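Visitor: Below you'll find the structure I mean.
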Amino acid sequence: MDKIRIRGGQTLNGVIRIGGAKNAALPLMAASLLTDEALVLSNVPHLADITTMANLLGQHGVLVSLEGQAGNGGHVGRVMSLTAGEITSTTAPYDLVRRMRASVLVLGPIVAREGVATVSLPGGCAIGTRPVDIHLSGLEALGAEIEVEAGYIRASAPKGLRGARYVFPKVSVGATENLLLAASLAKGETIFENAAREPEITDLCECLIAMGAKIDGVGTATLTVQGVDRLHGAEHSIMPDRIEAGTYAMAAAITGGTVELEGARLDHIEAAAAQLRKTGTTIETRNGGIFVSRANTELLAVDVETDPYPGFPTDLQAQFLALMTTAKGASVITETIFENRFMHVPELQRMGADVTTQGNTAVVRGVDQLNGAPVMASDLRASASLVLAGLVADGVTEVRRIYHLDRGYERLEEKLRLVGADVERVEDS
Ligand code: UD1
0 MDKIRIRGGQ
10 TLNGVIRIGG
20 AKNAALPLMA
30 ASLLTDEALV
40 LSNVPHLADI
50 TTMANLLGQH
60 GVLVSLEGQA
70 GNGGHVGRVM
80 SLTAGEITST
90 TAPYDLVRRM
100 RASVLVLGPI
110 VAREGVATVS
120 LPGGCAIGTR
130 PVDIHLSGLE
140 ALGAEIEVEA
150 GYIRASAPKG
160 LRGARYVFPK
170 VSVGATENLL
180 LAASLAKGET
190 IFENAAREPE
200 ITDLCECLIA
210 MGAKIDGVGT
220 ATLTVQGVDR
230 LHGAEHSIMP
240 DRIEAGTYAM
250 AAAITGGTVE
260 LEGARLDHIE
270 AAAAQLRKTG
280 TTIETRNGGI
290 FVSRANTELL
300 AVDVETDPYP
310 GFPTDLQAQF
320 LALMTTAKGA
330 SVITETIFEN
340 RFMHVPELQR
350 MGADVTTQGN
360 TAVVRGVDQL
370 NGAPVMASDL
380 RASASLVLAG
390 LVADGVTEVR
400 RIYHLDRGYE
410 RLEEKLRLVG
420 ADVERVEDS
């Protein structure tokens, strides 16, 4: 297994190309199950989770082909074609689903198209209990019968799903996506209230509309779907990864550097940008991407609370916490989306960070200097926070278990090296 070795102390300067969004790509790939025609996705990132989803879809009978193009700092502009001419299996087995929680996104489209779907209960990141009860109660509202037995969810609607009014009891990105996919082929009108408003959901809506779906209220918490009998093929370009962009923005800020994030969209990370500005970092749109700089300004402590979009994303909490470890003053970080999402804290403490946690709150008191140490990645975004800390730590930091990073960051070490970081991937002995 590989590890990432970082020698801290380099200031980042240059251009980083931002790839397609993993969290948009996964539901978009699942949308291919809704039609027997080809769905062609461009700007597909080269990531382990994308391969996992492609394998899962392949197992359901989807023909997946990929054309790649190597580019600056990784594969950019990959095009994936997905054709679900026939669904050959309506079961998503444990072995594939356990690798990635987002596998549950096949449930809605398969039951909508085939009248039955059996999907293993998902695994995924170790960030607290992550139930799928909302996915299931939403499908029930659309007329599916749900049974959970021996670790499998079985949804059936032999006569097809029917439109309904469904109020999400809690904002859920995945459940909103799953139910949107299902409602597109339901009979009649569905009204979703308190739906998630993440840009990835807007991206999914735009692709579904290109496939012939009828959705109103895109970008708002109330989505109205007029079910159609069939959807057709389409071409869609996946939105840029806002979490990757936010992570590199924080990497620039922590090293006091200046970086341009090519292809990134500032309007997708406004809440994080607002907090970054308060730390003394400049962040603005430039050349169609994002310009970030903290040259010659002191890094100031700022409080953050995570919230559903348009709030501060939970997927940037760990990275922001790492940024605060060397800020001037104390910062209070409150995590409201997931329980148990401070697993990066004990590792950062090993690097000399002064952090105390209580419940869903962490208090970070900035220290003058972090020290390099061997650390262990526990989940995707926690791993990124350790890399950020390593960039400014004195000496060598080695991040182990980087398969977490490979799930969500395309060629991270290459991209960082291109802007001056001293970082390499080495074999763990
Ligand atoms: C998605 C993102 C993940 C991000 C999260 C929140 C993908 C592939 N993953 O995850 O990176 O951190 O949104 O922005 O897009 N919940 C329930 N019951 C449910 C579903 C969710 O209680 O049926 C809870 C969760 O435990 C969590 C909260 O709702 O506390 C939000 O979760 P959700 O928005 O569903 O996250 P995911 O879609 O899994």
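Take 0 as the starting number for the sequence shown in numbering that gives the first Met the number 0 and just add one per residue. Ideal Cβ positions, reconstructed from N, Cα and C, are used throughout, including at glycine. A quick note: this is a predicted structure, and the numbers were derived from the prediction, not measured.
Within 10 angstroms of the Cβ of Y308, are there 16 or more other Cβ atoms? Answer buried if so, exposed if not.
Guide: That one is buried.
Visitor: Buried or exposed: which applies to S377, given that a residue is buried once 16 or more other Cβ atoms fall within 10 Å of its Cβ?
Guide: So S377 counts as buried.
Visitor: Is the beta carbon of F429 within less than 7 angstroms of some heavy atom of the ligand UD1?
Guide: The chain is shown from 0 up to 428; residue 429 falls before or after that span and cannot be answered.
Visitor: Pull up the CB-CB distance for E176 and P26, whole angstroms please, since I reckon it's below 8 angstroms.
Guide: Going by Cβ atoms, the distance from E176 to P26 rounds to 4 angstroms, so yes, they are a contact pair.
Visitor: Give me the DSSP bridge partner(s) of R161.
Guide: DSSP, once it has assigned bridges, lists K186 as partnering R161.
Visitor: Determine the DSSP secondary structure at K277, reduced to helix, strand or coil.
Guide: The answer is helix: DSSP assigns K277 an H, G or I state.
Visitor: Distance, Cα to Cα, P373 vs T189?
Guide: The straight-line gap from Cα to Cα measures roughly 51 angstroms.
Visitor: Here's the rule I'm using: 16 or more other beta-carbon atoms within 10 Å means buried, otherwise exposed. How should N295 be labelled?
Guide: N295 should be labelled exposed.
Visitor: Let's test the definition: count the other Cβ atoms within 10 Å of the Cβ of M0 and tell me whether it reaches 16, buried, or not, exposed.
Guide: Label assigned to M0: exposed.
Visitor: Whose C-beta lies closer than 7 angstroms to the C-beta of E243 among residues of the same chain, with five residues either side of it excluded?
Guide: Excluding residues within five positions, the ones whose Cβ falls inside 7 angstroms are I17, G18, Y408.
Visitor: Buried or exposed, going by whether 16 or more other CB atoms sit within 10 Å of the CB of R77?
Guide: Label assigned to R77: buried.
Visitor: Tell me whether L65 sits in a helix, a strand or coil according to DSSP, three-state version.
Guide: Strand at L65.
Visitor: Spatial neighbours of G142 within its chain, please: CB distance less than 6 angstroms, with the 5 preceding and 5 following residues excluded, ordered by chain position.
Guide: Closer than 6 angstroms at the Cβ level, and outside the excluded window around G142, lie A156, L160, R161.
Visitor: Can you list the alpha helix (DSSP H) stretches of 4 or more residues lying completely in the region 348-421, in chain order?
Guide: Complete alpha helix (DSSP H) runs here, min 4: 379-391, 402-407, 411-417.
Visitor: Measuring only the C-alpha atoms, how far is I49 from L65?
Guide: Taking the straight line from one Cα to the other gives about 11 angstroms.
Visitor: What did DSSP end up calling H59 once you bin it into helix, strand or coil?
Guide: Correct three-state label for H59: coil.
Visitor: Secondary structure at Q225, three-state DSSP: helix, strand or coil?
Guide: Strand at Q225.
Visitor: If you draw a straight line from the alpha carbon of I109 to that of T117, how long is it in whole angstroms?
Guide: Approximately 9 angstroms, taken between the alpha carbons.
Visitor: With a threshold of 7 angstroms (Cβ to nearest heavy atom), would E430 be considered close to the ligand UD1?
Guide: The first residue shown for the chain is 0 and the last is 428, placing residue 430 beyond what the model contains.
Visitor: Nearest CA to the CA of A329: which residue from L411, P92, V303, V63?
Guide: Answer by Cα proximity: V303.
Visitor: Would you kindly work out how many angstroms separate the C-alpha atoms of A29 and R340, rounded to a whole number?
Guide: Rounded to the nearest angstrom, the two C-alpha atoms are 27 angstroms apart.
Visitor: Please indicate yes or no: does the CB of P92 lie closer than 7 angstroms to some heavy atom of the ligand UD1?
Guide: No, Cβ of P92 sits at least 7 angstroms from all heavy atoms of the ligand UD1.
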